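Going line by line, the protein sequences match chains A and B.
Under this note's numbering, the first residue of the first sequence carries the number 133, and numbering increases by one thereafter.
Under this note's numbering, the first residue of the second sequence carries the number 133, and numbering increases by one thereafter.
Don't be surprised by glycine CBs; every beta carbon is placed ideally from N, CA and C.
The structure presented is a predicted model; accordingly, all values stated were derived computationally and were not measured.
Here the structure is laid out as structure tokens; the discussion comes afterwards.
There are 2 protein chains.
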Amino acid sequence: MSVPTSNSVPAPRRAGASISDVARLAGVSAQTVSRVSNESENVLPSTRQRVLDAMEQLGYAPNRAARALRTGSFAAIGVVVHRLARTGESSTVDAIVDAARREGYTVNLVDVASPSSDDVTAALQRLSNQSVDGLVIVRAETTTPTSLALPARTPVVVADSRFIGHHPAVGADQVTGASQAVEHLLGLGHATVHLLAGPVESGPAQLRAQAWRTTLERAGRRVPAPVQGDWSAQSGYEAGRVLALDPEVTAVFSANDEMATGLLHALHEAGRRVPQDVSVVGFDDIPLASHLWPPLTTVRQDFTRVGEELVRLLLEQIRSRSAFVDRNVVVPAPLIERASTAPPPPR
Amino acid sequence: MSVPTSNSVPAPRRAGASISDVARLAGVSAQTVSRVSNESENVLPSTRQRVLDAMEQLGYAPNRAARALRTGSFAAIGVVVHRLARTGESSTVDAIVDAARREGYTVNLVDVASPSSDDVTAALQRLSNQSVDGLVIVRAETTTPTSLALPARTPVVVADSRFIGHHPAVGADQVTGASQAVEHLLGLGHATVHLLAGPVESGPAQLRAQAWRTTLERAGRRVPAPVQGDWSAQSGYEAGRVLALDPEVTAVFSANDEMATGLLHALHEAGRRVPQDVSVVGFDDIPLASHLWPPLTTVRQDFTRVGEELVRLLLEQIRSRSAFVDRNVVVPAPLIERASTAPPPPR
DNA sequence: CTAGGCCATGTTCACGTGAACATGTCGAGT
DNA sequence: ACTCGACATGTTCACGTGAACATGGCCTAG
């Protein structure tokens, strides 16, 4: 035996104390330490204290891998999301993380490069098999309900109403929200309402467009050709430059607030006053909506509520070991009237 | 033996096939399956194919818990963040998730209720002990470098330059960015620049305020009392209502774009034209900045770059099994000139 | 032709935990 | 006083994996 600081073997160095280290120090069996960890009732207060002291002294924390292996549960949920930086996505995920934490669950985040079936499937693969106890799919755009290859028996909830009937879903009331927006504009006296639509492959975008069309038709109004956007402010701006040239356009319903922001920009630039010349309604009620110029009338989506309901529904499934295929929650989406809408200019 | 569908015991139902199920079906040993899983070289192509087929047939995916227990690594990184819904936070996290995925790492997201030491510590506790291989702290606001109780030997990186010297850090160049903003306004002819400051407990807010002050002093200008905000557009609006009343105010540097948005709102409302009467510069360059009215001159923070660098620095530490205490990366923060700044009005 | 070695594959074992079962102690009821 | 049982605590074992070591077949060099 020479120098004790052996540099022969790098020695992976166990990261922390294990349950048996604690047991040894406290002078009890490993099982008793486990009982203290899991807050079992049948431990003498004095013993419990001794174990807790030993834990503290060693900086012990249960090894989650071993625990997961033994129990088959990770106390974790997976969240699949597409573009996290978007307002709706990040707000929803924020609420999910928060709700999960309150329930003692960790969140595993997976950002899929594109919301195609393949990518989502690959993402699920990565999370599969006891890495998470359940899955929240926040954005599934182009993925269709049936193409979603889920690991068997993994509880799932989806924040996309198109999945209703396939998986439990939570979503804002797109249809009522969009209808209210259009009706509000018609009620102000506009002859018709133009649509700045979201991408065609988006479920919510389709829903909002459909509601817009239906509401106009029901009111017997002309249905103008929708202008296509991609959710971004830039696309709203580009669409706005076109719409601004058309004097017939007095009211625009934008499928989200970001596009509405770009639209406002284009209208200002073209010298068309909002709301005197053109009224604009958005969708989402992003935090900035009330401070745009003019403050934006919009349909509020309660992302926090959606996130909470998603977690609630998912945990219910996990705990009951069953799938609630046909359960779904619709969160109200009220119209928030601000200053971007007014009666049309006299003609 | 009666009915095979025993309903006597609920039978936890193993979620998926295990390595030995695959081995049995493929007619090889479990170790060989493991070799295929881990892409070891020494497997005959024919054997590999047989194993892959068996995996496919059984829908096998390696059990991450067992793997983590065996190897001591989860292939996961933890991300501690405060308010995920904020632009900077969500963009950074988005980039982190993306970079981590490219490296085969999963992301465990932890949203701390408040960025206090206790909360952060509790969050770390939850992630500790082989649940993650390393930690990215995106927001640590009130936590001081020394109060951060980290699990021993856990590699850490922090997106907060105040931690330089304690942990490796990545951050935008706050000082140069803020100085440029102030110099730009002075260069346009403004006598001085007012500050709409971030919360006092925020590190970046302090840095930006300090740079503003230093730049004014170096130019020999009067340093007006800063107005305090809390990062929110609402606080910017409230501050703006006060600033708008003061005809001396011709240039305002807002510590972030959200407050700048509220400020613009208040100025419009008060009838003060931007940029003719008052110039405004923001900080962050949020996606909406170029579509505000007027398009906002601001300092760009490259959150994507920050996220990528964070992951790079963290993985380097994980792989080399060492801590780079004094390493830090500063990402340039250039001034983006748009339409919200102009020379002061003639007096 | 044979020894040595290389390579594909198999066998054994421990990682840390918690469930199931086992043991031991002490108090109450007869 | 004895038995039963409630309760605190201990012992054994398997969860699925991959590292270390073991085996055996075949090719090549002498």
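Look up residue i in the DSSP assignment and give the residues it is bridged to.
i	result
valine 431/B	Phe415/B, Leu467/B
glycine 303/B	Val462/B
isoleucine 209/A	Val239/A, Gly266/A
Mind checking whether residue i and residue j have CB atoms under 9 Å apart?
i	j	result
histidine 397/A	valine 359/A	no
valine 413/A	valine 381/A	no
proline 464/B	aspartate 416/B	no
proline 331/B	tryptophan 363/B	yes
arginine 404/B	alanine 376/B	yes
leucine 201/A	asparagine 195/B	yes
valine 229/B	leucine 216/A	yes
glycine 368/A	arginine 340/A	no
alanine 387/B	leucine 328/B	yes
leucine 442/B	alanine 207/B	no
valine 289/B	glutamine 163/B	no
valine 168/A	leucine 184/A	yes
valine 431/B	alanine 313/B	yes
alanine 490/B	valine 302/B	Missing from the structure shown is residue 490/B; chain B here goes from 133 to 479 and no further.
leucine 267/A	leucine 446/A	yes
leucine 348/B	aspartate 389/B	no
proline 287/A	alanine 455/A	yes
isoleucine 209/B	aspartate 243/B	no
alanine 318/A	alanine 343/A	Just to set this straight, residue 318/A is leucine in the shown sequence, not alanine. Cβ distance not < 9 Å, so leucine 318/A and alanine 343/A don't count as in contact.
threonine 219/B	valine 270/B	no
Comparing the C-beta of residue i with each C-beta of chain A, is any distance below 9 Å?
i	result
aspartate 230/B	yes
arginine 373/B	no
glycine 368/B	yes
asparagine 240/B	yes
leucine 216/B	yes
phenylalanine 415/B	no
glutamate 556/B	Because residue 556/B is not part of the residues shown, which for chain B are 133 to 479, the question remains open.
phenylalanine 456/B	no
histidine 299/B	no
histidine 400/B	yes
phenylalanine 295/B	no
aspartate 434/B	no
aspartate 243/B	yes
arginine 145/B	With a pLDDT of 36 at arginine 145/B, under the threshold of 50, the modelled position of this residue cannot be trusted, and the question is left open.
Is residue i close to chain B, meaning its C-beta is less than 9 Å from at least one C-beta of that chain?
i	result
proline 427/A	yes
alanine 387/A	no
valine 462/A	no
valine 381/A	no
asparagine 170/A	no
leucine 447/A	no
glycine 394/A	yes
threonine 473/A	no
glutamate 221/A	yes
proline 407/A	no
serine 422/A	yes
alanine 337/A	no
leucine 201/A	yes
proline 356/A	no
histidine 316/A	no
arginine 444/A	no
arginine 156/A	no
alanine 310/A	no
valine 225/A	yes
Does DSSP put residue i in a helix, a strand or coil?
i	result
leucine 420/A	coil
glycine 266/B	strand
glycine 297/B	coil
valine 183/B	helix
valine 462/A	strand
histidine 326/A	strand
threonine 347/B	helix
serine 386/B	strand
aspartate 362/B	coil
alanine 376/B	coil
valine 244/A	coil
valine 288/B	strand
glycine 236/B	coil
With three or more C-beta pairs closer than 8 Å as the rule, is the region 172–188 of chain A touching the region 417–432 of chain A? no
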